[in-house]
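Quick notes on the structure that follows.
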Amino acid sequence: MDQIINQNVAAWLEGPFDDATKQEIKRLQAEDTQELKESFYKSLDFGTGGLRGIMGVGTNRMNKYTVGMATQGLANYVKQEVEGTPKAAIAYDCRNNSAYFAEVAANVLAATGFTVYLFDALRPTPELSFAIRELGCHTGIVITASHNPREYNGFKAYWSDGGQVVAPHDTNIVNEVRKIESIDDVNWEGGEGSVIKINKEVDEPYLKMLEGLCISPEAIKDQKDLKIVFTSIHGTGITMVPPILERLGFENVHIIEEQKVTDGNFPTVVYPNPEEAEALSMALAKAKEIDADILLGTDPDADRVGIAIKNHKGEWTLLNGNQTAALLFNYVISARKKAGLNKENDFVCKTIVTTDLIDRFAAAHNMPCYNVLTGFKFIAEVIKEKEGKENFIVGGEESYGYLIGDAVRDKDAIAASAMICEMAAFYKNEGKSMFDQLIDIYAEHGYFKEKLISITKKGMSGADEIAQMMKDLRSNPPATINGSKVLEMRDYQSSISTDLQTKEETVIDLPKSNVLQFLLEDGTKISARPSGTEPKIKFYFSVNTSLSSADEYDAADEVLETKVAKIIEDMKLN
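The sequence shown begins at 1 in the UniProt record's numbering and counts up by one.
Right, here's the structure in full:
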């Protein structure tokens, strides 16, 4: 390992890298040898979605050179696939260096013969997806690390359908990136291409598309004074959420001014992640102060949204991604039917770790619900496969990502925010809260309670520790968990589902992925999945019971909460 580190360091010190980079390497040699090792012990992986990592000098960091090499590999592959002049769109979020990395990528593409459409200021990731289709591009890039801590940045690659790249393009792009062995292989400037700055020519059609998603305009008209609190957590949501809420007719939107400022240091939060209660604490204080109806918070690139509402006791509560998904899917399906907008070929789509409650009420509406691997690119892939045959209306995943309609092919917190506010207006018009509606869904279809825990393993040994955990679960699956027999193990890596009682095996018809699921006799489902973007392994727990009436909710909630805690304890994960 030390030999590899030394070779990489020497190559950067002796190669055609800029002086600032070389000075920083020398500083690390003198002052922080551990950081030097972390920065050079390997090359930053260009995975099937792109790059994500800590910013800094080195082969294992996000910097001008790693971004340039990744862009060149993508460019080389697209040129192989496209006749004539290829076109690309690029957007970026509020993170430190995002605008700079976007310029680097744009210049490399232009120098390789592309026409590049580069947003002239930060924009949400879903608008980049929309822009690709709107402008007839062959590929796209967004510079973002989503909700990761401030020291991270990333590079996500998209294909002509507006979705993140999937097979066979994903692995083909990876292979092309790996062929870029030196910064000498990168076209840093010059060439016959061009960079065109864009803004309103995409903003306006995007906002018009979002307006067209509205299902219940009369409810918004009746509840135009709905008290909405919104925070963009210093990110791109500020560019599009307030405008679309205004266009829809909401007149009482309260923006958290301190977090309206776009700032890659995220000065008011520990993590810019709407899944974390702390990130929404300022907005929650405002919601309580003005007795708001709903609170929304989007992450830095505005593809995820977290919400808070008052529960049946009048207490503010942050909904998890599964609860929001259940409300959103149920509303879109039922409201479309009520408005006469539903079609016989409507379908919905979700990931395998998102609540199975959605499957329940989709079936109740005689509507297909397709389950895909974790990652919104797989939802986009299903939309593309079904195009012209079936009509996609809503998709989502438990990690706060949702999509309404198919004009965008990635999770869209702008569209979701608009639809959630419409939903709140609709139910208020009916004299009920969103939490009342959630309990009604549980009473009708079953109460599903989900919990996610993440175990972080940092540094060079972290990946090995996570790999060993997955290996142990595969080779020695538990016979029982919390006293309930484990009936089935689904191994998405081998594409085999095993009946642990009969040892009978069946094939899983999904792409291979490093995910394990255990199905228990009592209806519990447990999923284990290493994160593709962070040094974490995630465990998803889903337990359920039936409610004969809404009055049984509190007692059932207590029972299921205790059950999840006992499962985690039994698996020695706490």
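For every residue, glycine included, the Cβ atom is placed at its ideal position computed from N, Cα and C.
The beta strand (DSSP E) spanning residue i covers which residue range?
i	result
Ile455	Tyr447 to Thr456
Cys421	First-last for Cys421: Ala413 to Asn429, but that is the alpha helix (DSSP H), not the beta strand (DSSP E).
Asn371	Cys369 to Val372
Ile90	Lys87 to Tyr92
Asp346	Asp346 to Thr351
Gln517	Leu516 to Leu520
Val507	Glu505 to Val507
Among all the DSSP beta bridges, which residues are the ones paired with residue i?
i	result
Gly212	DSSP lists no partner for Gly212.
Leu51	Phe155
Pro530	Ile537
Lys197	Leu118
Leu296	Phe230 and Ile307
Phe17	Beta-bridge pairing links Phe17 to no other residue.
Ile439	DSSP output for Ile439 lists no bridge partner at all.
Gly140	Ala89 and Tyr158
Gln164	Tyr158
Thr545	Tyr447
Lys525	Leu519 and Ser542
Measure how close the beta-carbons of residue i and residue j come, nearest whole angstrom, since I'm counting them as under 8 Å.
i	j	result
Thr354	Gly396	6 Å
Glu211	Leu248	7 Å
Phe392	Phe347	6 Å
Ile233	Gly297	6 Å
Asn187	Val108	6 Å
Tyr117	Cys137	7 Å
Arg409	Ser129	5 Å
Ala70	Gly50	7 Å
Ile238	Thr262	7 Å
Leu226	Phe250	6 Å
Leu500	Val486	6 Å
His445	Ala364	7 Å
Ala89	Ala131	4 Å
Ala302	Ile143	Not confirmed; about 14 Å, so no contact.
Report the residue from the options whose alpha carbon sits nearest the alpha carbon of residue i.
i	options	result
Leu284	Asp301, Thr239, Ala308 and Asp19	Ala308
Asp554	Phe392, Thr144, Lys221 and Asn311	Asn311
Tyr540	Glu552, Val564, Ser549 and Ala339	Val564
Arg178	Ala102, Gly68, Leu135 and Tyr442	Gly68
Phe518	Ser484, Pro511, Phe230 and Pro530	Ser484
Ser513	Ala362, Gln437 and Thr351	Thr351
Ala145	Asn96, His169, Leu109 and Leu438	Asn96
Phe435	Gln493, Leu319, Gln23 and Gln3	Leu319
Lys260	Ala277, Pro242 and Tyr402	Pro242
Met469	Val515, Glu504, Asn482 and Ile496	Val515
Phe114	Pro126, Gly84 and Pro124	Gly84
Asn322	Tyr402, Lys337 and Lys338	Tyr402
Asn175	Asp45, Thr562 and Ala467	Asp45
Gln29	Gly47, Val57 and Ser43	Val57
Ser182	Ala424, Gln3, Thr562 and Trp12	Trp12
Ala111	His254, Tyr152, Gly190 and Ala425	Gly190
Ile180	Leu357, Val507 and Thr59	Thr59
Asp412	Lys572, Pro272, Pro300 and Gln7	Pro300
Ile427	Ile220, Ile132 and Ala99	Per the sequence shown, the amino acid found at residue 427 is Tyr instead of Ile. Nearest of Ile220, Ile132 and Ala99 to Tyr427, Cα basis: Ile220.
Thr545	Glu134, Ile439 and Gln223	Ile439
Phe230	Ile420, Tyr447 and Glu14	Ile420
Tyr492	Asp291, Glu381 and Ser527	Ser527
Ile537	Glu127, Ala335, Glu465 and Ile567	Glu465
Glu504	Ile568, Gln72, Leu560 and Glu488	Glu488
Thr21	Ile358, Glu218, Ile54 and Tyr65	Tyr65
By the DSSP assignment, the alpha helix (DSSP H) with residue i in it spans what residues?
i	result
Ala145	Careful: Ala145 lies outside any alpha helix (DSSP H) and carries neither H nor E.
Lys286	Ser281 to Ile290
Ile244	Val241 to Leu248
Tyr65	Lys64 to Glu81
Leu328	Gly321 to Lys338
Glu134	Thr125 to Glu134
Val253	Counting along the chain, Val253 falls outside any alpha helix (DSSP H), though it belongs to the beta strand (DSSP E) covering Val253 to Ile255.
residue 605	Limits of the chain in this structure are 1 at one end and 574 at the other, which puts residue 605 out of reach.
Thr33	Thr33 to Phe40
Thr171	His169 to Lys179
Ala277	No alpha helix (DSSP H) contains Ala277, which DSSP labels as neither H nor E.
Asp185	Unbroken run through Asp185: none, as it is neither H nor E.
Ala98	Sequence inspection shows Ser at residue 98; the Ala mentioned does not correspond to that position. Taken as a continuous stretch (DSSP letters only), the alpha helix (DSSP H) holding Ser98 covers Ser98 to Ala111.
Thr562	Tyr553 to Asp570
Asp359	Leu357 to Ala364
Asp222	Pro217 to Asp222
For residue i, would you say it is in contact with chain C, using Cβ-to-Cβ distances shorter than 9 Å as the test?
i	result
Ala75	The structure shown contains no chain C; it holds only a single protein chain.
_List, from N- to C-terminal side, the beta strand (DSSP E) runs of 3 residues or more that fit wholly inside the region 380-414._
391-397 and 401-404
*Every unbroken beta strand (DSSP E) within the region 469-498, with a cutoff of 3 residues, ordered by chain*: 484-491
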